[in-house]
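K.L.:
Counting from 88, one number per residue, gives the positions in the sequence shown under my numbering.
All C-beta atoms in this analysis are idealised placements derived from N, C-alpha and C, irrespective of residue type, glycine included.
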Amino acid sequence: MNKDYEVIESVKGVSKIYQTGHGENIKALDNVSFEVRKGEIVGLMGPSGCGKSTLLGILGLTKKPSEGQVKIAGELVSSSANERALLRNEFFGYVMQDASVIEDMKVWKNIALPLEYARKRYHFDVMRECVAQVAASLGIEESLERKASELSGGQKQRVALARALVGNPHVILADEPTSALDSSTSQSVVEMLVDIAHSGKAVVIATHDEKVAGQCDRCVYMRDGAIQA
Ligand SMILES: Nc1ncnc2c1ncn2[C@@H]1O[C@H](COP(=O)(O)OP(=O)(O)OP(=O)(O)O)[C@@H](O)[C@H]1O
Ligand SMILES: [Mg+2]
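(1) Which one of Glu154, Leu238, Ile259, Pro264 has the shortest CA to CA distance from Thr294?
(2) From the DSSP secondary-structure annotation, give me the bridge partner or partners of Met309.
(3) Suppose only complete runs of 4+ residues qualify. What are the alpha helix (DSSP H) ranges in the segment 155-228, listed by chain order?
(4) How many angstroms separate the CA atom of Gly241 from the CA atom of Ala267?
(5) Evaluate the contact criterion for the segment 180-188 versus the segment 244-254: three or more CB pairs, one atom per stretch, below 8 angstroms.
(6) Which value, in whole angstroms, describes the spacing of the CA atoms of Pro152 and Ile145?
(7) Do you know offhand how far Met132's Cα is from Asp117's?
(8) Which residue from Val277, Glu177, Glu190 puts its Cα closest to that of Glu203?
(9) Rounded to a whole number of angstroms, what is the C-alpha to C-alpha distance between Val119 and Ile314?
(10) Which residues mark the beginning and the end of the alpha helix (DSSP H) in which Asp282 is found?
(11) Is Gly144 helix, strand or coil when you go by DSSP?
(12) May I ask you to check if the CB of Ala293 is nearer than 7 angstroms to at least one heavy atom of ligand 2?
(13) Excluding five sequence neighbours on each side, which residues of the same chain lie with their C-beta closer than 7 angstroms to the C-beta of Glu93?
(14) Taking only three categories from DSSP, how would you classify Glu297?
(15) Assign Val253 to one of two classes, buried (16 or more other C-beta atoms within 10 Å of its C-beta) or exposed (fewer than that).
(16) Taking only the alpha-carbon atoms, compute the straight-line gap between Ile259 and Glu111 and give it to the nearest angstrom.
(17) In the DSSP assignment, the beta strand (DSSP E) including Val317 goes from what residue to what residue?
(18) CB-CB under 7 angstroms to Tyr209, same chain, minus the five flanking residues each way: which ones, in chain order?
(19) Just to confirm, is the Cβ distance from Leu231 to Val213 under 8 angstroms?
(20) So, for Lys158: in the same chain, excluding its five sequence neighbours on each side, which residues have a beta-carbon less than 6 angstroms away from its beta-carbon?
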């Protein structure tokens with residue numbers, strides 16, 4: 088392992104069992120151990136249903152493991168809902184498959200959402216400045232006053248990326264962020280994620296796309312809830 092890479096998050100022996108509406112148990116993750124290091128972009132690959140989104144959910148503290156432990160910066164994550172909510176907001180940026188922007192809201196407000204919910208209170212002008220900076224870095228500064236519903240899919244994906252970055256998180260978790268995009272827009276979103284990782288963050292990206300995976304520093308392949316050797 089490269090010594091320059093510090094482990095920023097790890098999961099050890101993690102399993103996840105979902106209970107379905109009919110009382111059936113589905114083992115979505117089975118004894119998974121995985122590390123994310125500062126400065127890297129890791130691809131999560133594998134067939135549909137193999138557990139990629141579940142693993143992202145556990146890394147991002149939106150799901151709790153049925154077994155096993157999650158450590159952030161070497162410390163076990165608390166089980167307190169409040170602590171987890173604060174960590175979610177401050178430590179992670181999330182980019183979802185469908186961009187999940189709020190269509191009826193202006194672009195700048197969409198981007199500012201994590202700041203509105205942060206522990207720290209932001210003065211309005213400071214919030215606007217943070218939004219302006221991240222929007223400029225992603226080339227969407229001209230769209231800030233538009234409604235999100237007026238944007239193209241690629242522009243919405245940039246808004247989602249801006250929202251994931253605005254709070255200056257340590258880890259960005261991206262679930263199929265390029266699946267709705269054409270290949271050149273997809274390429275530019277991936278290049279941004281690679282640059283973000285290499286600027287000292289960590290990025291974990293679930294993808295089916297070999298081209299996207301090819302640009303990651305390393306890839307982890309999953310099958311039936313387990314990481315393949
Ligand atoms: N909320 C849930 N309740 C019950 N089962 C679930 C739930 N979420 C996921 N599953 C099941 O857990 C398994 C893993 O799902 P997951 O969404 O993690 O897969 P994935 O690798 O992300 O798939 P895809 O590539 O299709 O997005 C699947 O069998 C799925 O049906
Ligand atoms: Mg998924």
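P.N.:
If we stick to the structure as given:
(1) Of the listed residues, the one whose Cα sits closest to Thr294 is Pro264.
(2) DSSP output for Met309 lists Ile314 as bridge partner(s).
(3) Segments of the alpha helix (DSSP H) lying fully in the segment 155-228: 168-178, 194-203, 211-224.
(4) Rounded to whole angstroms, Gly241 to Ala267 spans 8 angstroms at the Cα level.
(5) Yes: the two stretches touch, three or more of their Cβ pairs being nearer than 8 angstroms.
(6) Their Cα atoms are separated by approximately 6 angstroms.
(7) The alpha-carbon atoms of Met132 and Asp117 are separated by roughly 16 angstroms.
(8) When the alpha-carbon of Glu203 is set against those of Val277, Glu177, Glu190, the nearest one is in Glu177.
(9) Val119 and Ile314: Cα-Cα distance of roughly 6 angstroms.
(10) Segment 270-285, the alpha helix (DSSP H) holding Asp282.
(11) The answer is helix: DSSP assigns Gly144 an H, G or I state.
(12) Yes, the beta carbon of Ala293 sits closer than 7 angstroms to at least one heavy atom of ligand 2.
(13) So the qualifying residues of the chain are Arg124, Lys125.
(14) Residue state, collapsed to three classes: helix.
(15) The residue is buried, with at least 16 neighbouring Cβ atoms inside 10 Å.
(16) Each residue's CA atom was taken as its position, placing Ile259 and Glu111 some 32 angstroms apart.
(17) Here the chain has residues from 88 to 316 only, and residue 317 is not among them.
(18) The beta carbon of Tyr209 lies closer than 7 angstroms to those of Leu202 in the same chain, with the five residues before and after it left out.
(19) No, they are not a contact pair.
(20) Correct list, in chain order: Ser97.
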